[in-house]
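Residue numbers (the working numbering), protein chains in the order written: chain D, 91 to 358; chain Z, 34 to 376; chain B, 31 to 301.
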Amino acid sequence: MSGAGPRRPGAVLHLLAGCGYLLLLAPAIVVAAVSFSSGPFLAFPPPGLSFRWYVALAGNQEIMGALATSALLALIVSLLALLLGVPAAYAIARLRFPGRTAIAGLLVAPLMLPALVLGLALLLALQPMKLVATWPGLVLAHCTLAVPFAVRIMTTAIAAVPEELEAAARTLGASPLRAALRVTLPLAAPGLFAAAALAFLVSFDETVVSLFLVGPRLTTLPVELFRYAETRTDPLIAALAMVLIAIALGVVLLVERAAGLTRTLSKD
Amino acid sequence: MAETHLALSGLTRRFGANPPAVDALTLEVPRGALLALLGPSGCGKTTSLRLIAGLERADAGSVRVAGRDVTDLAPEARNMGVVFQSYALFPHMSAAGNVGFGLETRRLSRAERAARVAEALAMVGLADFAQRKPRALSGGQQQRVALARALAIQPDLLLLDEPLSALDAQLRDGVREEIRALQRRLGTTAVFVTHDQAEALAMADLVAVMDRGKLEQCAPPEALFDAPATPFVAGFVGRSSRFEGQVEAPGRIRIAGRLFGATETPAPGPAQVFVRPHRITLAEAGDLPARVTNRVFEGATALLTLDTPIGPLLAEVAAADPFRPGDAGFATLPPTALRVFPL
Amino acid sequence: MIGWLLAAPALCVMAFGFLLPVGVLLRMSLNRTDEMGAMREAVSLDTYGRLLSDDLNLSMASDTLQLGLGCAAAAVALALPVTLSIRAAPPAWRGALALAAVAPLLVSGTARIIGWLAILGDSGLVNAVLSWAGLPAQRLINNWTGVQIGLTESLMPYAVLVLLAGLGRLDPRLDEAAATLGASRSRVFWRVTLPLAVPALLAAFVLCLVLGISAFITPRLMGGGRVFVVATEIYDLALQTVDWPAAAAMAMLLLGGLVVLGGVRAVMARR
């Protein structure tokens with residue numbers, strides 16, 4: 091039954107794997123289909139195809155406002171994540187100093203907490219400071235979530251650049267700062283792209299923590315999406331979900347072109 | 034005699050609680066000379082080079098260049114050109130970019146900088162490869178770019194870490210001569226690290242032999258070869274046969290019951306003796322009965338292994354010599370050929 | 031020294047965005063709520079006692095744990111064939127397949143659930159197929175079933191990531207050796223591949239369990255407000271009832287449970 095050559099997985103494995111992939115990809119595919127539905131319900135298969143829900147989406151002031159807020163917020167957060175994360179990552183990857191492991195641990199700690207608990211904790215802490223439902227509050231919360239990712243990615247990227255290159259630059263007269271900026275960082279550039287993109291997505295898609303920190307005059311797109319899904323069941327949310335998916339895919343593809351994301355994943 | 038350009042004094046580096054990697058290294062290098070740091074792996078030669086360059090911080094001792102104490106200076110302030118074993122070329126810059134990197138922090142106009150870069154590349158024969166990135170260059174070409182990069186800054190000192198070890202065997206001799214010629218022409222004082230003693234003896238003006246962090250001997254190649262100062266140097270540099278015996282009186286040493294004369298002996302007591310193969314003569318008559326057990330043809334000479342009453346003895350003879358494995362004869366050990374050290 | 035300076039800005043964010051809030055959370059959990067629902071400053075364990083002595087809470091916690099266990103197990107079981115197929119795929123395909131398995135993570139959880147609502151809903155795909163086949167319609171959303179399905183799917187990408195990393199260390203030559211000794215494909219799987227994969231499977235299971243127990247969006251949306259787990263309870267206590275001490279105390283209890291699980295994972299990792 092089995093011929094010579096490298097072992098090929100059997101039909102059973104392929105069947106089960108196929109079921110797995112189906113499960114993973116079905117929601118996204120269905121959302122795409124339903125978003126073009128011409129009917130008023132979240133029905134599948136849709137009665138007909140139309141753009142009406144995308145049109146309705148564009149005309150929905152609240153949601154469009156939330157989209158702008160989320161995009162701007164994500165942009166700010168990804169920039170801040172780089173500004174804060176790159177120096178910290180450099181210190182962790184290159185320098186030896188007491189407390190380095192503790193700092194590295196602290197910089198990853200927020201990811202260990204369930205988003206719900208962090209959201210509640212932030213609400214309790216920011217309320218007395220009157221920072222709930224404000225831009226600084228949201229930026230702080232999103233940065234707390236995004237910086238760990240940026241630090242992790244950049245630490246790996248910087249560590250992958252041979253230390254000897256910086257030593258060579260030093261012997262040629264470059265100060266440690268110059269050596270880092272002219273040699274190490276350019277060579278770690280793919281990591282910069284990935285970190286910025288991931289920070290953007292983490293902020294753009296962030297739902298649970300934001301639920302605690304938004305208010306009547308300041309809300310994010312994922313929160314609006316959640317609230318809408320809680321109360322209504324028309325394909326508008328499918329169209330909105332598609333927009334979110336499209337943006338996330340766009341960012342991933344951008345990073346893939348610039349930095350080879352799938353290579354990093356398959357190396358894992 | 035040129036004045037001292039590089040002076041190391043008591044240079045020491047420790048890692049943790051282990052014995053020092055470099056232990057009180059003290060030596061002087063005249064201006065324009067080429068010093069080889071030679072020794073087995075782990076002897077501290079690369080660490081010493083890094084201490085001179087400032088890539089490691091010394092725990093004790095000093096490094097002086099042209100009288101100036103540079104021990105506390107950061108690498109970027111020492112004006113030393115370093116050629117790393119792996120070349121350490123910047124992958125994202127062209128050859129010209131690499132060579133020009135060290136000039137960026139100096140006050141040079143763009144034209145001056147370009148001229149210096151072109152000059153450096155021409156010096157190593159790579160003028161046409163200026164725009165190539167390192168990955169488009171062969172190993173030998175990469176090394177030359179690394180050399181040009183180190184020389185472009187007109188360094189006070191040129192430091193090379195195992196410059197020939199990554200090269201193919203047939204390239205080695207040629208590159209060796211090129212580096213030597215370049216260094217001589219520029220008159221730059223240089224230090225290079227190697228574990229290959231033939232390379233050190235062929236290239237260097239001065240050889241510092243190190244073992245386990247300590248300096249065994251620092252001398253010109255001939256002195257090292259003919260007059261090793263320590264048992265380690267005697268055994269490490271060049272081939273030799275080693276015996277143990279007893280110094281009974283000045284000039285007299287007993288090995289395996291037989292008495293030998295030696296021109297220099299330490300105080301009476303247990304001793305070790307080294308004899309170079311090319312000092313042994315093998316004939317029909319002599320002091321020591323010997324039987325040839327092995328013969329290795331080496332071109333102009335042949336290396337014979339002799340079985341003698343004092344143990345196996347290596348003898349280097351002319352290739353035309355008639356002795357073959359199984360032949361018996363007599364070996365003579367001239368007193369001047371015995372290097373005796375206390376045990 | 032420079033290290034501290036370089037990391038300082040990031041550490042500041044961590045201090046204000048993480049350390050301070052967690053501290054406040056702990057402090058709040060020690061406050062009390064009076065009969066009228068107002069918060070009273072205190073340092074006491076009363077709120078903890080109140081929560082733990084409430085049978086509803088205990089059964090809700092037990093439901094949450096069961097949900098987590100079941101979904102974690104299902105997620106790992108389904109992720110294993112996916113991971114094995116990635117490893118067995120030709121190198122050119124491997125990256126794309128891995129991305130397909132992990133891509134759902136980059137898509138907002140809410141967006142995926144909307145897809146599930148469309149698949150499992152009354153007018154959704156599954157029921158459309160069932161009615162076409164003449165079978166009775168099923169209630170698959172706004173109940174535990176919908177939550178289980180949605181949660182399992184959302185955990186799968188995490189399981190795939192852990193399994194990919196863990197199985198990546200397995201030597202494929204062991205499989206080949208077993209084959210040359212005459213083992214059939216299924217025998218190789220059950221006697222060689224699977225036993226060696228156990229550490230990775232356990233690690234994936236624990237991760238999924240941790241995520242499943244603290245899940246909020248899926249139970250809330252797929253459950254239609256009728257499914258109560260620890261996370262939804264904390265949310266309601268904080269924003270609906272506005273009983274902050276209770277919300278904080280329950281959050282601390284959840285953290286405590288997760289710390290215990292983390293300890294279990296650390297013990298397992300050492301073996």
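All C-beta atoms in this analysis are idealised placements derived from N, C-alpha and C, irrespective of residue type, glycine included.
Being a predicted model, the structure only gives us computed values, none of them experimental.
For Z/Phe-374, which three-state DSSP category applies?
Against the second sequence, residue 374 of chain Z aligns to sequence position 341. Z/Phe-374 falls in the strand class under three-state DSSP.
Starting from D/Leu-132, find everything on chain B with Cβ-Cβ shorter than 9 Å and list it in chain order.
As a position in the first sequence, residue 132 of chain D is number 42, starting the count at 1. Here the neighbours are Ile-144, Leu-147, Ala-148, Gly-151, Ser-153, Gly-154.
Grab the span of the alpha helix (DSSP H) containing Z/Arg-97 for me, first residue to last.
Here residue 97 of chain Z corresponds to residue number 64 of the second sequence, with the count starting at 1. Taken as a continuous stretch (DSSP letters only), Z/Arg-97 belongs to no alpha helix (DSSP H), being part of the beta strand (DSSP E) at 93-98.
Using the rule of at least 16 other Cβ atoms within 10 Å of the residue's Cβ for burial, across every protein chain shown, is Z/Phe-330 buried or exposed?
Locating residue 330 of chain Z in the second sequence gives position 297, counting from the first residue. Label assigned to Z/Phe-330: exposed.
Please report the straight-line C-alpha distance between Z/Ala-129 and Z/Val-150, rounded to a whole angstrom.
As a working note, residue 129 of chain Z is residue 96 in the second sequence. As a working note, residue 150 of chain Z is residue 117 in the second sequence. Z/Ala-129 and Z/Val-150: Cα-Cα distance of roughly 6 Å.
With 7 Å as the threshold, decide whether the Cβ of D/Leu-355 is near any Cβ in chain Z.
Along the first sequence, read from residue 1 onward, the residue named residue 355 of chain D stands at position 265. Low confidence applies to D/Leu-355: its pLDDT is 47, below 50, so where it sits in the model is not reliable enough to give any reading.
Does the beta carbon of B/Val-73 sit closer than 7 Å to a beta carbon anywhere in chain D?
Sequence index remark: in the third sequence, residue 73 of chain B carries index 43 (1-based). For B/Val-73, the answer is no, since every Cβ of chain D falls outside 7 Å of its Cβ.
State buried or exposed for D/Arg-347, treating a residue as buried only when at least 16 other CB atoms are found within 10 Å of its CB.
Residue mapping note: residue 347 of chain D aligns to position 257 of the first sequence, counting from 1. With fewer than 16 Cβ atoms within 10 Å of its Cβ, D/Arg-347 is classed as exposed.
B/Gly-180 to D/Leu-197, Cα distance in whole Å?
As a first step, residue 180 of chain B is located in the third sequence; it is residue number 150 there, counting from the start. As a first step, residue 197 of chain D is located in the first sequence; it is residue number 107 there, counting from the start. Between B/Gly-180 and D/Leu-197, the C-alpha separation is close to 31 Å.
By Cβ distance, which residues of its chain are closer than 6 Å to Z/Ala-57, with the 5 residues on each side in sequence left out?
Walking along the second sequence from the start, residue 57 of chain Z turns up at place 24. If we look at Z/Ala-57 and ignore the five residues flanking it on each side, its Cβ neighbours are Gly-43, Thr-45.
What residues match up with Z/Gly-290 in a beta bridge as DSSP calls it?
As a first step, residue 290 of chain Z must be located in the second sequence, where it is residue number 257. Paired residues: none, contrary to the question.
Output needed in chain order: residues of the stretch 262-283 of chain D with a Cβ under 9 Å from some Cβ in chain Z.
Answer set for the stretch 262-283 of chain D: Leu-262, Gly-263, Ala-264, Ser-265, Pro-266, Arg-268, Ala-269, Arg-272, Val-273, Pro-276, Leu-277, Ala-279.
For a test of the three-state rule: what should DSSP assign to Z/Met-126, helix, strand or coil?
The residue labelled residue 126 of chain Z in the question sits at position 93 within the second sequence. Three-state result, Z/Met-126: coil.
Report, in whole angstroms, the separation of the C-beta atoms of Z/Leu-68 and Z/Ala-241, which I expect to be a contact under 8 Å.
The sequence position of residue 68 of chain Z within the second sequence is 35, counting from 1. The sequence position of residue 241 of chain Z within the second sequence is 208, counting from 1. Rounded, the Cβ-Cβ distance is 6 Å, consistent with contact.
What in chain Z is Cβ-close to D/Arg-317, meaning under 9 Å?
Looking up residue 317 of chain D in the first sequence gives position 227. Here the premise fails: no neighbours, minimum Cβ distance about 48 Å.
Tell me whether Z/Gly-284 sits in a helix, a strand or coil according to DSSP, three-state version.
What you label residue 284 of chain Z is simply residue 251 of the second sequence in a count that begins at 1. Three-state DSSP puts Z/Gly-284 in coil, outside helix and strand.
If we ignore side chains and look at the alpha-carbon of each, how far apart do D/Ser-92 and D/Leu-103 end up?
In the first sequence, residue 92 of chain D corresponds to position 2, counting from 1. In the first sequence, residue 103 of chain D corresponds to position 13, counting from 1. With a pLDDT of 46 at D/Ser-92, under the threshold of 50, the modelled position of this residue cannot be trusted; read the value that follows with caution. Those two C-alpha atoms are separated by around 15 Å.
In the DSSP assignment, what residue or residues form a beta bridge with B/Thr-63?
Residue numbering aside, residue 63 of chain B sits at position 33 when the third sequence is read from its first letter. Answer is B/Met-69.
Of all the residues that make up the stretch 86-113 of chain B, which are near chain D by a beta-carbon distance shorter than 7 Å?
Leu-108, Ala-109, Pro-111, Val-112
Identify the continuous alpha helix (DSSP H) that holds B/Cys-101 and give its terminal residues.
Working through the third sequence from its first residue, we reach residue 101 of chain B at position 71. First-last of the alpha helix (DSSP H) with B/Cys-101: 85-118.
Does B/Thr-210 have its Cβ less than 7 Å from a Cβ in chain D?
Mapped onto the third sequence, residue 210 of chain B falls at position 180. No, its Cβ sits nowhere closer than 7 Å to a Cβ of chain D.
Could you pull the start and end residues of the beta strand (DSSP E) that Z/Ala-351 belongs to?
Residue mapping note: residue 351 of chain Z aligns to position 318 of the second sequence, counting from 1. It spans 344-351 - the beta strand (DSSP E) in which Z/Ala-351 sits, taken as one unbroken run.
Which bits of chain D does Z/Leu-88 rub up against, with CB to CB less than 7 Å?
If you number the second sequence from 1, residue 88 of chain Z lands on position 55. The answer, in chain order, is Ala-257.
At a Cβ threshold of 7 Å, is D/Arg-260 touching chain Z?
Locating residue 260 of chain D in the first sequence gives position 170, where the first residue counts as 1. Taking Cβ atoms only, chain Z reaches closer than 7 Å to D/Arg-260, which makes this a yes.
For D/Glu-254, which residues in chain Z fall below 8 Å Cβ to Cβ?
Mapped onto the first sequence, residue 254 of chain D falls at position 164. Going along chain Z in sequence order, the residues near D/Glu-254 (Cβ under 8 Å) are Phe-117, Ser-119, Ala-121.
So for B/Asp-76, helix, strand or coil by DSSP?
Taking the third sequence and counting its residues from 1, the one referred to as residue 76 of chain B is at position 46. In the structure shown, B/Asp-76 sits in a helix (DSSP, three-state: H, G or I).
Just to make sure I have the definition right: I need the residues of chain B whose C-beta is within less than 8 Å of the C-beta of D/Phe-187. Which are they?
Numbered from 1 along the first sequence, position 97 holds the residue referred to as residue 187 of chain D. Per Cβ cutoff of 8 Å: Met-31, Ile-32, Gly-33, Trp-34.
Kindly indicate which residue of Z/Phe-134, Z/Arg-285, Z/Leu-184, Z/Ser-171 has the alpha-carbon position closest to the one of Z/Ala-153.
Sequence index remark: in the second sequence, residue 153 of chain Z carries index 120 (1-based). With distances taken between Cα atoms, Z/Ala-153 lies closest to Z/Leu-184.
Starting from Z/Phe-225, find everything on chain D with Cβ-Cβ shorter than 8 Å and list it in chain order.
Your numbering for residue 225 of chain Z matches position 192 in the second sequence. Under the 8 Å cutoff, chain D gives no residues; its nearest Cβ is about 15 Å from Z/Phe-225.
Mind checking if B/Pro-134 is an interface residue toward chain E, Cβ cutoff 7 Å exclusive?
Of the protein chains in this structure, namely D, Z and B, none is chain E.
Excluding the 5 residues flanking D/Val-341 on each side, which residues of the same chain have their C-beta closer than 7 Å to its C-beta?
Stepping through the first sequence from its first residue, residue 341 of chain D is reached at position 251. Excluding the 5 residues flanking it on each side, D/Val-341 has same chain C-beta neighbours closer than 7 Å at Ala-287, Phe-290, Leu-291, in chain order.
Can you give me the C-alpha to C-alpha distance between D/Val-207 and D/Val-176, rounded to a whole angstrom?
Position 117 of the first sequence, counted from the first residue, corresponds to residue 207 of chain D. Position 86 of the first sequence, counted from the first residue, corresponds to residue 176 of chain D. The alpha-carbon separation between D/Val-207 and D/Val-176 amounts to approximately 27 Å.
Mind the definition here: the stretch 40-59 of chain B touches the stretch 339-354 of chain Z only if three or more C-beta pairs lie below 8 Å; say whether that holds.
no
Answer yes or no: does any C-beta atom of chain B fall closer than 7 Å to that of D/Val-121?
By 1-based counting over the first sequence, the position of residue 121 of chain D is 31. Yes, because at least one Cβ of chain B sits closer than 7 Å to the Cβ of D/Val-121.
Hey, could you find the ends of the beta strand (DSSP E) Z/Asn-327 is sitting in?
Against the second sequence, residue 327 of chain Z aligns to sequence position 294. That run of the beta strand (DSSP E) goes 321-330.
For B/Val-236, decide whether its Cβ has a neighbour in chain D, counting only Cβ atoms nearer than 7 Å.
The residue given as residue 236 of chain B occupies position 206 in the third sequence. False, the Cβ-Cβ gap to chain D never drops below 7 Å.
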